[in-house]
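Everything on this sheet refers to the single structure shown next.
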Amino acid sequence: MNKILEKFSNIKADYNLANLTTFKIGGPAKYFLETRDIEKLKEVINFCKKNKINFKIIGGGSNLLVNDNGFNGLIIKLSNKDIELKEDKFIVGAGVVMVNFVNTVLNKGFIGHEYLAGIPGTIGGAIHGNAGAYGQAIGDIIESVSVLDMDGNIKEISKQECGFEYRKSIFSLNKYIILEAKIVLEKANVDKAREIVKQRILERASKHPLNMPNAGSWFKNIDLTDKVKMKLSDLDLSKFEKYQKIPVAFLIEQAG
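If you're matching positions, the sequence shown starts at 758 in our numbering and goes up one per residue.
The structure is reproduced here in C-alpha cells:
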C-alpha cells in the first residue's frame, strides 16, 4: 500500500473528480482528502512536500475544468463550514457554501452582501478569485483572511494585503491556503435585502442553464476606460456607465 494511504486513513485513492465540479467531467485524483482539521491539513501538506507529492486545494468546483486524465497527486477539499458572529463581524470558514453564507447573514439581521446571491462555490474559492457581480466583489466586505502558508504557519492577512482586483487576488499566486475570513457587514432591516437576493437568483436562473452541468459566467467583463471608449466610439456604451464594465456578451454580439 502507498505510504500516504498507510499514514492517513482518511485519504481516498482514485477519487472521481467529476463528482466535485459543476461541469461533472474529469478524471480521477490519485489521492483525495476532505477535512476541516487544520492540524491534519498541515501534517498532510508537510508529508506531501517531503515525499514530493503534488497537491492542490479546491473549493466548490464551480470554476474548475478537470483533465480527463485526472490529477497525479493529492486533491484537498476544506470542509470547515462554521459561520460565527463575533462583535458584529462574521468569521466564515473557507468551506462555507456561498448560498449558506448569504442566507445565514440575512437571518442574523445583516445586509451588504446581496450581490453575492446566486454565485456558486465556497467562500474560500470566492475570495481566491474575488468573485462578485453588479460592480461589487467579495473583497469589498473582507476585513482580513486567515491563511496557511507553504511553511505551515497560520497568518492573518489584511484586506489591503489581499491585493483584491477584478476577479483576482494575491491568492491567485497559490502561496497561501485560505482557511477562514473575517467579514464586516451592516446590521439593518433585511426586508429589502431579501427582495434583492430573490431578484438576483431569479435573474441568474433566467440567464444560466442551471439544469445542465456548467461553470456559470465564463468571460471577464471589460473595464470601461477612456481608452476602451475611444476604441469603441462607434458603439453606444452609455448603459454600462453604472458599473463601469462592458459585458463580453455585448461585444461578442456586436462582432457578429
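Where a beta carbon is used, it is the ideal one built from N, C-alpha and C, also for glycine.
Unbroken beta strand (DSSP E) runs of no fewer than 3 residues, entirely contained in the region 859-946, are found at 899-906, 911-915 and 933-941, following chain order. The closest CA to that of L762, considering only L835, V801 and E1010, is found on V801.
Within the region 818-845, the complete beta strand (DSSP E) segments at least 3 residues long are 828-835 and 840-843, listed from N- to C-terminus. Excluding the 5 residues flanking it on each side, E841 has same chain C-beta neighbours closer than 6 Å at I848, in chain order. E937 sits away from K916, with the two beta carbons spaced by 8 Å or more.
Cβ-Cβ distances below 6 Å link Y933 to V904 and D906 in the same chain, with the five nearest sequence neighbours on each side left out; the list follows chain order. Where L1008 is concerned, the enclosing alpha helix (DSSP H) starts and stops at V1005 to Q1011.
In this structure N887 is in contact with I895, their Cβ atoms being roughly 6 Å apart against a cut-off of 8 Å. Between E871 and A962, the CB-CB gap reaches or exceeds 8 Å.
As a beta-bridge residue in DSSP terms, G850 pairs with E937. In the structure shown, the three-state DSSP call for A770 is strand.
Cβ neighbours of R793 within its own chain (closer than 6 Å, five residues either side excluded): S836 and N837. In this structure, the beta-carbon distance from D845 to K944 falls below 8 Å.
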